[in-house]
Amino acid sequence: MTAISPAQVRMAAVLTGALVGAIAVGLSRSPAIGQAPATPTAPALQEPLAAPLDGREGRPLLIENFRPEAQLKVARTNLTRARFPAVDVHTHFRHKFRGGADELAHWVRVMDENQIAVCVSLDGQWDALLDEHAELLWKQHRDRFVIFANIDWQGSGQADDPASWDCHRPDFARRTAAQLARAKERGAAGVKIFKQFGLGYKNPDGSLVAIDDPRWDAIWQACGELGLPVLIHVADPVAFFEPIDERNERWEELHRHPDWSFPAPQFPRHAELLAAFLRVVKRHPKTTFIGAHVAGNAEDLAQVGQWLDEHPNLYVEIASRISELGRQPYTARRFFVKYADRILFGTDGPWPVERLHLYWQFLETENEYFPYSEKPFPPQGFWQIYGVHLPDEVLRKVYQENAARIVPGVAERLRKIKRESP
Ligand SMILES: [Zn+2]
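Take a look at the structure:
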């Protein structure tokens, strides 16, 4: 990283002050006749800005107001459903979903229309909470949902007192293994680990819990023995670990959500988190790991490919990363073709249909330079994407065959849906 000298800091402060002054003077209304003019030491910052920074009529433009409309005229194929019945291995039917049976019926219709055969709900939690979630999803739609359990790191401890968390008490791994065995009996098909593991959960001394802490080894081993794949979210986009400044490619997003930033030295670096994850994958070759969001490293597919070469028990899924994959369409297409047996379809849904349609366009068409999100400002990087028009045999693997092979309960659901479809 480039060091900034104190002189540069002073210069920046002077420039910022001058700019704020210029904007305030330029945009504030002149004082009415008879009124004293504002003193130069107190520019009219209390007054609302007279004009928005909308780039019109010579005014400056704030980056969050920039809404460029592409004038490109190219052929575009609009797809409204997957080419083959798809399994969405990354959905949040607890965390993103507040409704009851009616709302669920709506989402099942969305699945039908888009040819999503099965969704994996990753927020199953444990014990009675798991039963409650299963009751919601399975009462009427057992064939359409598979549920992953979670790990209760906190237990009866206080959220803000890490020393009271269950994960720091003796024998936590053994108790968790027993809880996961109960989850399997209740129908859970796998385990989801959230990104707070590595970026949020703390040790009693205030340091972050390490992903490769040997205390958790017995948990990963139990997942292997129980046949529960572990879908794990490690790290976050690389830009979230960089300073929020004019060079940050996700500046707009981090400006809106400063809490998504993981600056040094409070947080481990992106590469350190992933190295710790890979050590766990290597130590537990009999456990299947699914790296969420292209194993947290969609910006560097060559490296993800190396990891897949080195660790046959590692898979990746693509949820919320068509923004990254679609800005490198040649590299991404080669990656999908070479690792077709190791990549799973996921979306981070449930999403409005507009978002799902963009996944089909990305995976199946040659569309050029199109938005990856239905939201007005690109929410995950200020760019557009290109389709990778995958061949049918790759699509079949990514949409269903890989999930059917490694996620318990998927294959039987797909067979049943196939039998019942006309
Ligand atoms: Zn998610």
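In the numbering used here, the protein residues as written are 482 to 903.
Built from N, CA and C at the ideal position, the CB exists for glycine as well.
Only a predicted model underlies this, so the values are computations on that prediction, with no experimental measurement involved.
Distance cut-off 7 Å: residue i Cβ against heavy atoms of ligand 1
{"i": "residue 800", "result": "yes"}
{"i": "residue 573", "result": "yes"}
{"i": "residue 535", "result": "no"}
{"i": "residue 829", "result": "yes"}
C-beta atoms of residue i and residue j nearer than 8 Å
{"i": "residue 607", "j": "residue 630", "result": "yes"}
{"i": "residue 550", "j": "residue 858", "result": "no"}
{"i": "residue 715", "j": "residue 772", "result": "yes"}
{"i": "residue 681", "j": "residue 710", "result": "no"}
{"i": "residue 658", "j": "residue 713", "result": "no"}
{"i": "residue 844", "j": "residue 818", "result": "no"}
{"i": "residue 786", "j": "residue 826", "result": "no"}
{"i": "residue 804", "j": "residue 853", "result": "yes"}
{"i": "residue 873", "j": "residue 571", "result": "no"}
{"i": "residue 883", "j": "residue 824", "result": "yes"}
{"i": "residue 602", "j": "residue 575", "result": "yes"}
In DSSP terms, what residue i is bridged to
{"i": "residue 796", "result": "771"}
{"i": "residue 704", "result": "Bridge partners of residue 704: none, in fact."}
{"i": "residue 830", "result": "572"}
{"i": "residue 600", "result": "569 and 626"}
{"i": "residue 711", "result": "672 and 770"}
{"i": "residue 554", "result": "Bridge partners of residue 554: none, in fact."}
{"i": "residue 851", "result": "866"}
{"i": "residue 689", "result": "683"}
{"i": "residue 535", "result": "542"}
Simplified DSSP state of residue i, which is helix, strand or coil
{"i": "residue 657", "result": "helix"}
{"i": "residue 561", "result": "coil"}
{"i": "residue 759", "result": "helix"}
{"i": "residue 821", "result": "coil"}
{"i": "residue 542", "result": "strand"}
{"i": "residue 697", "result": "helix"}
{"i": "residue 743", "result": "coil"}
{"i": "residue 725", "result": "coil"}
{"i": "residue 856", "result": "coil"}
{"i": "residue 652", "result": "coil"}
{"i": "residue 683", "result": "strand"}
{"i": "residue 902", "result": "coil"}
{"i": "residue 593", "result": "helix"}
{"i": "residue 891", "result": "helix"}
{"i": "residue 642", "result": "coil"}
{"i": "residue 508", "result": "Because residue 508 carries a pLDDT of 37, less than 50, the predicted location of this residue cannot be relied on, and no value is offered for it."}
{"i": "residue 896", "result": "helix"}
{"i": "residue 812", "result": "helix"}
field: Validate contact between the region 777-796 and the region 849-856 using beta carbons, cut 8 Å, 3 pairs
entry: Cβ pair count under 8 Å is below three, so no.
query: Can we say the region 738-748 touches the region 803-812, given the rule of at least three CB pairs closer than 8 Å?
result: Touching, no.
- prompt: If we count Cβ pairs, one from each stretch, closer than 8 Å, do we get three or more for the region 732-742 versus the region 757-766?
  reply: no
message: Is it the case that the region 692-709 contacts the region 825-840, given that we only count it when at least three CB pairs across the two stretches are under 8 Å?
response: no
- prompt: Are at least three pairs of beta-carbons, each pair with one atom in the region 720-733 and one in the region 643-663, less than 8 Å apart?
  reply: At 8 Å Cβ cutoff, the stretches do not touch.
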